[in-house]
Amino acid sequence: MNPSETIIGIDLGTTFSLVAYVDERGPHVIRDETGEARLPSVIGVLPDPDGGRPRLTIGWPARNHAVEHPETTVYSIKRLIGKGIDELRAELPFLAYSVMPGPRHTVPVEIDGRRYTPEEISSIILQELKRRAEEHLGRAVRRAVITVPAYFDDSQRQATRDAARAAGLDVVRIINEPTAAALAYGIGIRQALQQQSPCAPESRGTSLLQVAPCPTSGSDGTRADAAPTQTVAVYDLGGGTFDISILRIESGVFQVLSTAGDTRLGGDDFDREIIKLVQHEVREQFGLSIESPTTKQALRGLAEAVKIRLSEQDAARIELDLGQDRLYRRQIGRDEFERLCDPLVARTIALCRSAAEDAGLAIDRIDQVILVGGSTRMPLVRRRVGETFGRTPYTALNPDEVVAIGAAMQASVLAGSPLDMLLLDVTPLSLGIETMGGAVSKLILKNTTIPCRATEQFTTFVDGQTAIKLNVLQGERELARDCRSLGEFELRDIPPMPAGMPKVEVEFLIDANGILNVSARELRSGRQAGIQIVPSHGLTREEVERIERESIARARDDIDEHRRIDLVNQVEFDTNKAEQMLAKVGHLLDAGEAARIRADIAALRKLAAETRDLDQLHRALDAFGKGTLHLAELGIREALKDGGEAEAPTARAPRDNVKT
Amino acid sequence: MTESTEHQPAPVAPARCRACDRPLESPLYCAGCHRLYPADGLNYFELLGVSPGFDIDPEVIRRRYFQVSRDIHPDRVGADGRQDLAMRISAKVNEAYRVLLDPLLRAEYLLSLCHDETLNDKAVPPEVLTETLMLREEIEQARAAGDAGRLAEMREQVEQRDAALREQVAHAARALPGDAETRRRLRQFLNATRYVRRMLDELREP
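Chains A and B, in that order, are what the protein sequence lines are.
All residue numbers for the first sequence refer to the working numbering, where the first residue is 737 and numbers rise by one.
All residue numbers for the second sequence refer to the working numbering, where the first residue is 10 and numbers rise by one.
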């Protein structure tokens, strides 16, 4: 393994996505120029007026213009990925963009007649994160650890992996978001203990975790310093998903005892309570129904803002201009909002109780409760969690960044770092096969540590039968129709024998990514049986490849444009500088040289304005630098003589950053 | 096998690493060159390197399990390592831990390691059968009458029955391999625990 190759950690969130990495100084979240680490998981698709490929905006620009372009702005795609349209009926009324039923239960978004699968939208976000990481690290990035909600099923995990592949990223591991948070938390504790200064995170430099817990100051009496083994509950309420995971942390081993969750319960749903309230009242007062994409989008932004305000204040104003002098206006108190949200929070609490039971722990005996995800900023959530676990939740982690940091730590372990840490995670859902009469026979139970495997023998019902079909299911219910089908698996090439004679052993292996791998063998003949898998969901190999090709083309366009802008700026800078030097020290040159430089300046400016050939421009810029070297030297000498500041015409660095 | 308290090194494990010739401390992994060895032919006790037998300290098992996992888990062999092999070995080690940690599964596994003629014996010891049938009838009556207090009492009774059965299982498992009668008794006690568990699950339903 190439030790210099960084594997990045990505938190691909419903609302925001982040990228982080670990180097010898510790974990770092990559930020933009403004210091912002969060990239909104929002894509704007703007049609090209010349009929070319549509232009994409990603992140803040897309998010900030969502109201102007409601139908061409895609957000919260994570709630759709790996799901079929039938599972999304409740979701669709809240989307301002339009979604179609696609092949194999995919749900493409349709924009200007072009369809984008959720995998494709996610791949655009991932590509932007990859680009950010490459720009920050100054080298190519090929591999990543990506986090998903612990409760994501096989289809959702596979879809996420496909999205990454399409973005040109090799996913070396998929890990669960709450587990990633626990890694960051647990390593923080160990570092704190090792450094004997657990309460002074500021003394450890900005590159290290800002998560150093203070084991002795816990108002709940936690004694992390005395007991290196502790049980931890991670309550992760994000923009669109909820997870609860219960872990045992002991000397670098992070053992997940149980997990539970809901992949469609998050901050979006709290917003929707406000949206529903406003929609209802607008209908009552004005007889209007808010259906237009623009109003829906505006309402969405408004609801989110109100929710955030109510986390800090006791009341917030809602104002919605409905046009034609109709203004909807009201005040909403925190208590009213909490009444609306309480049933949602109650659902998360019920899941916490069931996870504690599965872990074999009394819920009030768990040592620590960690809050992760933006929605845990809501006072109602903190209160309910505190009541349920009988302790004040631990909130010193940055709930937005901790998952990306955990992903980066796991990435560094996979890259061969000496970080002594082992993650033992579980599968969130039971795996089974459909038996006669539509019942489910469970092969692997939920909360089994992964990787895990089960084998099952099958035989034929008819003489000479050479194929057997299996319906593989995930879920806890007793009937196949209530579980999620992962697809139809057809065992083929069984040697023709009398009915009941063949013994086909099928191995179901859930790998460390939580993804199912199936293989089969006919035991009498010892032959590997072929398996044809028709997944119920998701993209075909060809579709993933098509998206990847398109994204590479798009990336190249982006990079070229970026490089062109950099080069043109450099030309402007260098030529202006040369003109200034000519004015100052031109009299020291002979007339011929001065004239040549003037001509060179004009020629280079003309070339920069006209050419599309960036390599040619690059060469011309270099030649110009050499051609003005003498002038630059004179300038420096003059400046030194004056005691002023020396500046050479081509001394600026940005050109070195231009990707070639 | 219960007589032996010393851990026997697995006979199938190569004594020295085939790649670097270093003496192997684990049948799964060479600490010198990080080569992995498939877990084929090793039983769960050998996989975790603990003495075979019913009486096992859960803390010892956990510690051994963590130790072995540190060597062979696919995350620890690196992204470029032998992920497939590590995945398979790790799946077996995880299964070994799950089974050996749970006393009932452990007893069942020990029984399967003996020459096990009882596999298809579905019978339940007659005295347990009679008792559970009576309990079941009482539960149904209490349920029909909506007598919550009585149901709570019943639950306590069934829980006691469950604990007693576990004791009987443990006792029989300690006597393994024993004679055919010992094994038959153990199998039937194990069958009975399933019976009682199901009853408990029903009683715990709201």
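Beta carbons: idealized from backbone N, C-alpha and C, even for Gly.
For residue i, which residues of its own chain have a beta-carbon under 8 Å away from its beta-carbon, when the five flanking residues on both sides are left out?
i                      : result
residue 57 (chain B)   : 70, 73, 74, 77, 102, 105, 106 and 109
residue 1245 (chain A) : 1187, 1188, 1189, 1252, 1253, 1254 and 1255
residue 1198 (chain A) : 1235
residue 1111 (chain A) : 973, 974, 975, 1002, 1003, 1006 and 1117
residue 752 (chain A)  : 774, 775, 776, 777, 975, 1110 and 1136
Does residue i come within less than 8 Å of chain A when only Cβ atoms are used?
i                     : result
residue 210 (chain B) : no
residue 121 (chain B) : no
residue 75 (chain B)  : yes
residue 17 (chain B)  : Note that residue 17 (chain B) scores a pLDDT of 49, beneath 50, so its modelled location is shaky and nothing firm can be said.
residue 103 (chain B) : yes
residue 27 (chain B)  : no
residue 206 (chain B) : no
residue 82 (chain B)  : yes
residue 107 (chain B) : yes
Counting contacts by CB-CB distance shorter than 8 Å, is residue i in contact with chain B?
i                      : result
residue 737 (chain A)  : Because the pLDDT at residue 737 (chain A) is just 44, under 50, the model does not fix this residue reliably, and the point stays unresolved.
residue 1185 (chain A) : yes
residue 909 (chain A)  : yes
residue 1149 (chain A) : yes
residue 742 (chain A)  : no
residue 756 (chain A)  : no
Short of 6 Å in beta carbon distance, which residues of its chain neighbour residue i, apart from the five on each side in sequence? Order them along the chain.
i                      : result
residue 1076 (chain A) : 1009
residue 962 (chain A)  : Residue placement at residue 962 (chain A) is poorly supported in this model, since its pLDDT is 38, which falls under 50; the coordinates are not used for a value here.
residue 127 (chain B)  : 192, 193 and 196
residue 208 (chain B)  : 167
residue 838 (chain A)  : 844
residue 715 (chain A)  : With chain A covering 737 to 1396 only, the question about residue 715 (chain A) has no answer from this structure.
residue 1029 (chain A) : 806, 807 and 832
residue 1258 (chain A) : 1230, 1238, 1240 and 1265
Residues of chain B with CB closer than 7 Å to the CB of residue i, please, in chain order.
i                      : result
residue 1189 (chain A) : 100
residue 1152 (chain A) : 87
Taking Cβ-Cβ distances shorter than 8 Å, what residues in chain B pair up with residue i?
i                      : result
residue 897 (chain A)  : In chain order: nothing, as chain B lies at least about 14 Å away.
residue 1245 (chain A) : 96, 97 and 100
Along chain A, in chain order, which residues have C-beta atoms closer than 9 Å to that of residue i?
i                    : result
residue 50 (chain B) : Chain A residues near residue 50 (chain B): none, gap ~16 Å exceeds 9 Å.
Cβ closer than 8 Å: which chain A residues qualify as neighbours of residue i?
i                    : result
residue 78 (chain B) : 989, 1158 and 1160
So residue i and residue j are in contact, right, with Cβ under 8 Å, and what is the actual spacing, rounded?
i                      : j                      : result
residue 1223 (chain A) : residue 1208 (chain A) : 6 Å
residue 183 (chain B)  : residue 205 (chain B)  : Contact doesn't hold; Cβ gap of about 21 Å is too wide.
residue 773 (chain A)  : residue 1315 (chain A) : 41 Å between Cβ atoms; not a contact.
residue 25 (chain B)   : residue 37 (chain B)   : Incorrect: roughly 14 Å between the Cβ atoms, too far for contact.
residue 53 (chain B)   : residue 118 (chain B)  : 6 Å
What residues from chain B crowd round residue i, counting only those whose CB sits closer than 9 Å?
i                      : result
residue 1335 (chain A) : Those within 9 Å of residue 1335 (chain A) in chain B number zero; the least Cβ separation is about 56 Å.
residue 1248 (chain A) : 82, 83, 84, 92, 95, 96 and 99
Between which residues of its own chain and residue i is the CB-CB distance below 7 Å, once the five residues before and five after are set aside?
i                      : result
residue 890 (chain A)  : 1210, 1222, 1251 and 1252
residue 83 (chain B)   : 92, 95, 96 and 99
residue 1120 (chain A) : 1081 and 1085
residue 1171 (chain A) : 1177
Examine the ligand ATP and report whether any of its heavy atoms sits within less than 7 Å of the Cβ of residue i.
i                     : result
residue 164 (chain B) : This structure does not include the ligand ATP; it has no bound ligands of any sort.
task: With a floor of 4 residues, list each alpha helix (DSSP H) that falls wholly inside the region 1201-1277 of chain A, ordered by position along the chain.
output: Here no run is fully enclosed.
- prompt: Could you give the uninterrupted runs of the alpha helix (DSSP H) lying entirely in the region 97-156 of chain B, keeping only those of 4 residues or more?
  reply: Runs of the alpha helix (DSSP H) inside the region 97-156 of chain B: 112-122 and 135-153.
task: Please list the segments of the beta strand (DSSP E) lying wholly inside the region 1069-1157 of chain A, counting only runs of 3 or more residues, in order along the chain.
output: With a minimum length of 3 residues, the continuous beta strand (DSSP E) runs that stay inside the region 1069-1157 of chain A are 1104-1108.
query: If you scan the region 879-923 of chain A from start to end, which runs of the beta strand (DSSP E) of 3 or more residues do you find wholly inside it?
result: Runs found: 879-884 and 906-912.
field: Segments assigned beta strand (DSSP E), at least 3 residues, entirely inside the region 743-791 of chain A
entry: Here the runs fully enclosed are 744-748, 752-759, 762-765 and 779-782.
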